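So the protein sequences, as listed, match chains A and B.
Each step along the first sequence adds one to the number in the numbering used here, with nothing skipped, and position 214 is 214.
In the numbering used here, each residue's number is its place in the second sequence (first place is 1) plus 1000.
Below you'll find the structure, written out as structure tokens, and then a few comments.
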Amino acid sequence: MQSPVYTCSLDNVTQLINRIAEKMPVYGDFGSSKTTLSPKGFFLPALEKLYETAKINDSYKITPAPPENAPFVLLGIRACDAAAIEILDGVYLNDPIDPQYKARRHASYIVTFACETMGANCFCQSVNINPAAPKGDVKAWVKNGTFFWLAQSEKGERLTELLLDLLERTIPAGNDLLPVEPPDSAPALPLPADMLSAFNAPVWDNLHRACIACGTCTFLCPTCQCYDISSHECTENSEKTHCTRQWDACLYPGFTQMAHGNPRPSKKERFRQRFMHKLVYHMQKYGTSACVGCGRCVNKCPVNMNIVKVAHVLAQEEVNAYV
Amino acid sequence: MNEQEKMRTRAKELHAAGIIKQVLAWEAGAFPSYPAPAFFTKPNAFEKIVYNEFCTANLSKYVINITEKTLIFLRPCDAHSFAQLVKENQVKRENTYVIAVGCEGCVQVDEGEARDLLESCRTCTKTDYPLFDEEINTQNNPRESTNKAARFAEVTRLDSEENTARYAFWQAHFSQCIRCNACRNICPTCHCKECVMDSDHPLDGQFYHAIRALHQDGRCTDCGQCSRVCPRGIPVHLLNRKLIYTSNK
Ligand code: SF4
Ligand code: SF4
Ligand code: SF4
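Right under this line is the structure:
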């Protein structure tokens, strides 16, 4: 059954947030735009300890890091980032399930916020995401000076229950209850029909040369999900060690480095991997683009090389002009 | 004729004369205010060369290890970085053809909006080009910098603070570091084949920046690119500016 829509005045939003904060930590706000860092760090921290080992006589005791399952709320998540969390779920909650990710994800309550305008670098609409209809446990929006609140999951209903005395139930009245949809001002992603064959396109030879392989795009991207694992000696003779995992980037030379060498030997292959993964491989496996059009990479690439530009160049008929 | 037209013309002429094989310049991006560095090898692509206040990425670092004669356009900050790379044997001077190009400073773009002049431009004191083969529109550059006081203002302000306040300032910044490698990889004098930061033992931000600052000591050209590219707004360049300030004294 569809949950009822609730409202409150804008002045009372702080009260709502405070009420939730009495129960669990609240991160974020209903601010004017998406955050610089994506929310992925709440589920997949930049650096985390996986387990510790201790040598006891002739054997080793392995102690996994305790699961982080204390509930928390993420507030004001935008449609792009909510879609990104679903993409991460597809990877981390499917076999093999990642226990750390799962604990944090299950402990989280996602309260999304509809966008009424598009940021200059946003292009969620080009990847079929409606900025006015974010997913999440609760969707919130503002219309005509009123704050709207709609639970979209069981978890969302549990949050709503905390707030019943602060919210007013509204009888559905068609469009009056829907968020304002922003005009589609997004740049198109004019992808070639046969993206898989783009793998061999000669444009990569030149395109990758501008990229400085810094990994900023991957670290800021809400769906970039790769990590590296390393072991650290805490005492001599491996009496105590611990193991961490940390964000990695396909742009880095050590990525997929194996004993026999690296299947992506130069920056060209690594650079290509980022875009092929986003636009092709993920599409093949999960049916959606792994780019949610948040535009973070567009905004922060030190050399203005980004997925929109790559798509444009790939789609260009006269691709050889660049080669 | 503005710089951009002259740059395109000279690229065509030098290529036609067989003096250069490729051009390193900027090309328009998917968004108007986002030009990107690019190598151009075909003369019909030279029309795509752009030059404006949004060309924030310096080009000098891209010449490391080039083997073909390359035309490169350098602004004063970039020309100093280029000279440093030549000095450090990272590029053969004879593989380059340098055109010094006039500069009125670059603009920081955030979320598609043009903000102020870059901090590095507001405090830039470079007026000369250490190495070049010819010049385009350099006559408008200031002969004498008016930024000499501004350059070290933030360094001396921090110096005047208590140790604890200074430490708190840097800690607040370094705790924001996400350990991407933007500052290292844009830096013209960061060019080690293997970097200690790439070991699989992750270093925290504070340690990372301390090592980097010391390693660039005496080589940093104060181009300000590290701070420009930091996605977390850390004033990375101030560390090396402090070292420059101290050794100048
Ligand atoms: S595309 Fe841009 S942000 Fe990403 S690694 Fe390359 S230079 Fe860095
Ligand atoms: S590739 Fe860029 S625009 Fe797409 S989701 Fe990642 S950061 Fe956002
Ligand atoms: S200072 Fe900024 S650019 Fe440099 S590593 Fe840290 S976050 Fe990345």
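The C-beta atom is built at its ideal place from N, Cα and C for all residues, glycine as well.
Owing to the predicted nature of the structure, the values given are computational and were not obtained by experimental measurement.
Any non-hydrogen atom of ligand 2 closer than 7 Å to residue i Cβ
i                         : result
threonine 223 of chain A  : yes
isoleucine 77 of chain A  : no
valine 292 of chain A     : yes
leucine 220 of chain A    : yes
glycine 295 of chain A    : yes
cysteine 217 of chain A   : yes
isoleucine 307 of chain A : yes
lysine 278 of chain A     : yes
valine 298 of chain A     : yes
Residue-chain proximity (residue i, chain B), Cβ-Cβ < 8 Å
i                            : result
proline 187 of chain A       : yes
threonine 241 of chain A     : no
cysteine 291 of chain A      : no
methionine 305 of chain A    : yes
serine 50 of chain A         : Reading the sequence as shown, one finds leucine at residue 50 of chain A and not serine. Not closer than 8 Å to any Cβ of chain B, the Cβ of leucine 50 of chain A fails to qualify, so no.
phenylalanine 275 of chain A : no
cysteine 224 of chain A      : no
glycine 254 of chain A       : yes
valine 308 of chain A        : yes
asparagine 329 of chain A    : Lying outside 1 to 323, the shown extent of chain A, residue 329 of chain A is not represented and no answer is given.
leucine 150 of chain A       : no
proline 302 of chain A       : yes
asparagine 206 of chain A    : yes
phenylalanine 219 of chain A : yes
asparagine 121 of chain A    : yes
cysteine 214 of chain A      : yes
leucine 314 of chain A       : no
arginine 209 of chain A      : yes
alanine 46 of chain A        : yes
Rounded separation between residue i and residue j - CA only
i                          : j                         : result
cysteine 1055 of chain B   : tryptophan 149 of chain A : 44 Å
tryptophan 141 of chain A  : threonine 117 of chain A  : 12 Å
glutamate 181 of chain A   : proline 131 of chain A    : 7 Å
serine 59 of chain A       : lysine 240 of chain A     : 12 Å
glutamate 1113 of chain B  : arginine 272 of chain A   : 29 Å
proline 190 of chain A     : cysteine 1180 of chain B  : 29 Å
glutamine 125 of chain A   : cysteine 8 of chain A     : 29 Å
asparagine 1089 of chain B : glutamate 1003 of chain B : 30 Å
isoleucine 307 of chain A  : alanine 84 of chain A     : 16 Å
glutamate 52 of chain A    : glycine 1029 of chain B   : 48 Å
leucine 196 of chain A     : threonine 1041 of chain B : 26 Å
alanine 321 of chain A     : tyrosine 1034 of chain B  : Note that alanine 321 of chain A has pLDDT 39, beneath the 50 cutoff, so the model's placement of it is unreliable and the number below is only indicative. Each residue's alpha carbon lies about 20 Å from the other.
alanine 198 of chain A     : alanine 1017 of chain B   : 35 Å
cysteine 122 of chain A    : arginine 78 of chain A    : 11 Å
threonine 1096 of chain B  : aspartate 98 of chain A   : 51 Å
threonine 1127 of chain B  : glycine 1102 of chain B   : 10 Å
histidine 1173 of chain B  : leucine 75 of chain A     : 25 Å
leucine 88 of chain A      : arginine 274 of chain A   : 16 Å
glutamate 1068 of chain B  : glutamine 1216 of chain B : 28 Å
valine 323 of chain A      : proline 202 of chain A    : Its pLDDT being 37, under 50, valine 323 of chain A is placed unreliably in this model, and the coordinates cannot settle the point.
cysteine 297 of chain A    : arginine 1157 of chain B  : 34 Å
valine 1107 of chain B     : aspartate 1116 of chain B : 6 Å
proline 216 of chain A     : proline 302 of chain A    : One detail in the question is off: residue 216 of chain A reads as threonine in this sequence, not proline. C-alpha separation (whole angstroms): 8 Å.
Neighbour flag for residue i against chain A, beta carbons, 8 Å
i                             : result
cysteine 1223 of chain B      : no
alanine 1149 of chain B       : no
tyrosine 1034 of chain B      : yes
alanine 1100 of chain B       : no
phenylalanine 1039 of chain B : yes
cysteine 1180 of chain B      : yes
aspartate 1078 of chain B     : no
aspartate 1116 of chain B     : no
proline 1113 of chain B       : Per the sequence shown, the amino acid found at residue 1113 of chain B is glutamate instead of proline. Judged by the 8 Å Cβ criterion, glutamate 1113 of chain B is in contact with chain A.
alanine 1057 of chain B       : yes
glycine 1205 of chain B       : no
Closer than 7 Å: residue i CB and nearest ligand 1 heavy atom
i                          : result
isoleucine 1178 of chain B : no
methionine 1007 of chain B : no
alanine 213 of chain A     : yes
leucine 189 of chain A     : no
proline 1035 of chain B    : no
leucine 37 of chain A      : no
Any non-hydrogen atom of ligand 4 closer than 7 Å to residue i Cβ
i                      : result
proline 302 of chain A : Annotation note on ligand 4: not contained in the displayed structure, which lists ligand 1, ligand 2 and ligand 3 as its ligands.
Quick one: which unbroken beta strand (DSSP E) runs of 3-plus residues sit fully inside the region 110-145 of chain A? Chain order, please.
-> 138-143
Could I get the ranges of all uninterrupted alpha helix (DSSP H) runs contained in the region 248-299 of chain A, with 4 residues as the minimum, in chain order?
-> Taking only runs of at least 4 residues, the alpha helix (DSSP H) segments lying wholly in the region 248-299 of chain A are 267-276 and 282-286.
Could I get the ranges of all uninterrupted beta strand (DSSP E) runs contained in the region 1002-1034 of chain B, with 3 residues as the minimum, in chain order?
-> 1022-1027
At which residue ranges does the region 1112-1149 of chain B contain complete beta strand (DSSP E) runs of 3 or more residues, listed in the order of the chain?
-> 1113-1117 and 1134-1136
Unbroken beta strand (DSSP E) runs of length 3 or more, entirely within the region 44-124 of chain A: which are they?
-> 47-56, 59-64, 72-77 and 108-113
Complete runs of the beta strand (DSSP E) confined to the region 15-41 of chain A [at least 3 residues] = 26-28
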